[in-house]
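Student: Okay, so the sequence shown: first residue is 4 according to our numbering, each after it adds one.
The structure is given below, and queries will be raised subsequently.
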Amino acid sequence: MAFEDEHAAKGLKYLSPEFREKLQSLTQKSSLPRWPEQTRGIPNICLRSALFGVIQRGRRKAVKGERVAAVKGLEIRYTGWHLDQGDFDVLIHALHLFSLQQTVEAYVQFTGKGFLHGINRTPGKSGREWLKDSFRRLTGSAVEITLEIKDTYGKHDYTYAGSLVEEFYYSPTDQNYFLKINPKLAGLFNSGWTQLQWHQRLQLKTDLAKWLHGFYASHKSPYPIKVETLRHLCGSSCGRLADFR
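Structure follows, in structure tokens:
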């Protein structure tokens, strides 16, 4: 969304000054925050929803405008192939590489083997194909995030829609990747983010364990939550609550 566009500018002039300023701040390009090497920075929006859910093997499907389970006050709709915690590992590590070069505007370069080592996956043929598939899913995604903005004129809903990964180039000869994420992802950090203990996460073997690790890490003071609520928030397709327990 370019606010330089003539039509967008005309529409903005009818909004309250506070609302207009908030919209512009949300869509301005910015850099990622820095975090220690042993941690990974993640927007809380990704940790408190089923955007990267718990998907049983063989249950992944493509959806259009599907509402994603999320904590109160956050509305997310998603179009594309369902994303799981493996895809989240890929996005987390990609964001870390971008944070090291201190810009989200340019491409980041890496090898498939090095990237797979970075997320604790075997860099064989199946691993390389899985990584490519994950980048395809992240590129083909469309995430719509609706935020409620309050100002002196009342409450307004603002929806941002965009992909997670903008594009990537791959050379099968030397397995080199050139990846570009959506620069607007940096703006999601402005609404709160968490430093995940990366080595802890890599030791976890299941998607549910990884989701719970991220969810509770995003709360400074965790509070009791019903198991049924956790099942809903993580996007589990497990039918019976007893089985999920």
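Glycine residues also receive a C-beta, built at the ideal position from the N, C-alpha and C atoms.
It should be emphasised that the depicted structure is a prediction, and the values quoted were computed from it without experimental measurement.
If you draw a straight line from the C-alpha of Leu141 to the C-alpha of His85, how long is it?
Tutor: Start at 1 with the first residue of the sequence shown, and residue 141 comes out as number 138. Start at 1 with the first residue of the sequence shown, and residue 85 comes out as number 82. Approximately 10 Å between the Cα atoms of the pair.
Student: In whole angstroms, what is the alpha-carbon distance linking Val57 and Val74?
Tutor: As a first step, residue 57 is located in the sequence shown; it is residue number 54 there, counting from the start. As a first step, residue 74 is located in the sequence shown; it is residue number 71 there, counting from the start. Approximately 16 Å between the Cα atoms of the pair.
Student: Do Leu244 and Glu231 have their beta-carbon atoms positioned less than 8 Å apart in this structure?
Tutor: As a position in the sequence shown, residue 231 is number 228, starting the count at 1. As a position in the sequence shown, residue 244 is number 241, starting the count at 1. Their beta carbons are under 8 Å apart, which means Glu231 touches Leu244 by this criterion.
Student: Counting along the chain, where does the alpha helix (DSSP H) carrying Ala97 start and finish?
Tutor: Against the sequence shown, residue 97 aligns to sequence position 94. Segment 88–104, the alpha helix (DSSP H) holding Ala97.
Student: Could you name the residues of the same chain whose beta carbon sits closer than 7 Å to that of Cys237, not counting the 5 residues immediately before and after it, in chain order?
Tutor: Sequence index remark: in the sequence shown, residue 237 carries index 234 (1-based). Cβ neighbours of Cys237 beyond the five flanking positions: Ala53, Gly56, Val57, Leu211, Trp214.
Student: Does DSSP put Glu231 in a helix, in a strand, or in coil?
Tutor: Start at 1 with the first residue of the sequence shown, and residue 231 comes out as number 228. Three-state DSSP puts Glu231 in a helix.
Student: How far does the beta strand (DSSP E) with Tyr110 in it reach, from first residue to last?
Tutor: By 1-based counting over the sequence shown, the position of residue 110 is 107. Run containing Tyr110: none; DSSP gives neither H nor E here.
Student: Can you tell which of Lys67, Gln206, Phe101, Ser239 has the C-alpha that lies nearest to the C-alpha of Val168?
Tutor: Within the sequence shown, numbered from 1, the residue matching residue 168 stands at position 165. Nearest of Lys67, Gln206, Phe101, Ser239 to Val168, Cα basis: Phe101.
Student: Can you tell me whether Ala145 is helix, strand or coil according to DSSP?
Tutor: In the sequence shown, counting from the first residue as 1, residue 145 sits at position 142. Correct three-state label for Ala145: strand.
Student: In whole angstroms, what separates the C-alpha of Thr42 from that of His99?
Tutor: Walking along the sequence shown from the start, residue 42 turns up at place 39. Walking along the sequence shown from the start, residue 99 turns up at place 96. In a straight line, the C-alpha of Thr42 is about 9 Å away from that of His99.
Student: With distances taken from CA atoms, which of Arg60, Gln59, Gly61, Ile79 is nearest Lys67?
Tutor: Indexing the sequence shown from 1 puts residue 67 at position 64. Checking every option, the nearest Cα to that of Lys67 belongs to Ile79.
Student: Relative to the C-alpha of Lys116, which candidate in Trp133, Gln105, Leu103 has its C-alpha closest?
Tutor: Taking the sequence shown and counting its residues from 1, the one referred to as residue 116 is at position 113. Minimum Cα distance to Lys116 is reached at Trp133.
Student: Just how far apart, CA to CA, sit Thr149 and Glu170?
Tutor: One-based indexing of the sequence shown puts residue 149 at position 146. One-based indexing of the sequence shown puts residue 170 at position 167. Their Cα atoms are separated by approximately 24 Å.
Student: Is the beta carbon of Leu188 less than 8 Å from the beta carbon of Tyr110?
Tutor: The residue you call residue 188 lines up with position 185 of the sequence shown. The residue you call residue 110 lines up with position 107 of the sequence shown. Not closer than 8 Å, so no.
Student: Need the endpoints of the alpha helix (DSSP H) that Phe192 sits in, please.
Tutor: The residue labelled residue 192 in the question sits at position 189 within the sequence shown. Segment: none, Phe192 is in no alpha helix (DSSP H) and carries neither H nor E.
Student: Is Gln59 buried or exposed, if buried means 16 or more other CB atoms sit within 10 Å of its CB?
Tutor: Walking along the sequence shown from the start, residue 59 turns up at place 56. Exposed: under 16 other Cβ atoms inside 10 Å.
Student: Which same chain residues, not among the five before or five after Ile122, have their C-beta less than 6 Å away from its C-beta?
Tutor: Here the question's residue 122 lines up with position 119 in the sequence shown. These residues qualify, in order along the chain: Asp92, His96.
Student: Between the Cα of Tyr219 and those of Ala72, Arg124, Leu233, spot the shortest distance and give me the residue it belongs to.
Tutor: The count along the sequence shown starts at 1 and reaches residue 219 at position 216. For the residues Ala72, Arg124, Leu233, the minimum Cα distance to Tyr219 belongs to Leu233.
Student: Mapping DSSP to helix, strand and coil, what is Ile184?
Tutor: The count along the sequence shown starts at 1 and reaches residue 184 at position 181. Of the three classes helix, strand and coil, the one that applies to Ile184 here is strand, per DSSP.
Student: Going by DSSP, name the residue or residues bridged to Arg70.
Tutor: On the sequence shown, position 67 is the one that residue 70 refers to. Per DSSP, Arg80.
Student: Roughly how many whole angstroms lie between the Cα atoms of Tyr229 and Phe247?
Tutor: As a first step, residue 229 is located in the sequence shown; it is residue number 226 there, counting from the start. As a first step, residue 247 is located in the sequence shown; it is residue number 244 there, counting from the start. The sequence as given places Lys at residue 229; Tyr does not occur at that position. Taking the straight line from one Cα to the other gives about 12 Å.
Student: Which whole-angstrom value describes the C-beta separation of Pro311 and Leu191, a residue pair presumed to lie in contact below a C-beta threshold of 8 Å?
Tutor: Nothing can be reported for residue 311, as the shown portion of the chain is limited to 4 through 248.
Student: Looking at C-alpha atoms only, which residue of Val71, Asn193, Leu199 is the closest neighbour of Glu147?
Tutor: Indexing the sequence shown from 1 puts residue 147 at position 144. The candidate whose alpha carbon is nearest that of Glu147 is Val71.
Student: Thinking Asp90 and Ser137 are a contact (beta carbons under 8 Å), I'd like their distance in whole angstroms, please.
Tutor: Reading the sequence shown from its first residue, position 87 is the one you call residue 90. Reading the sequence shown from its first residue, position 134 is the one you call residue 137. Indeed, because the Cβ distance is near 5 Å, the residues count as touching under 8 Å.
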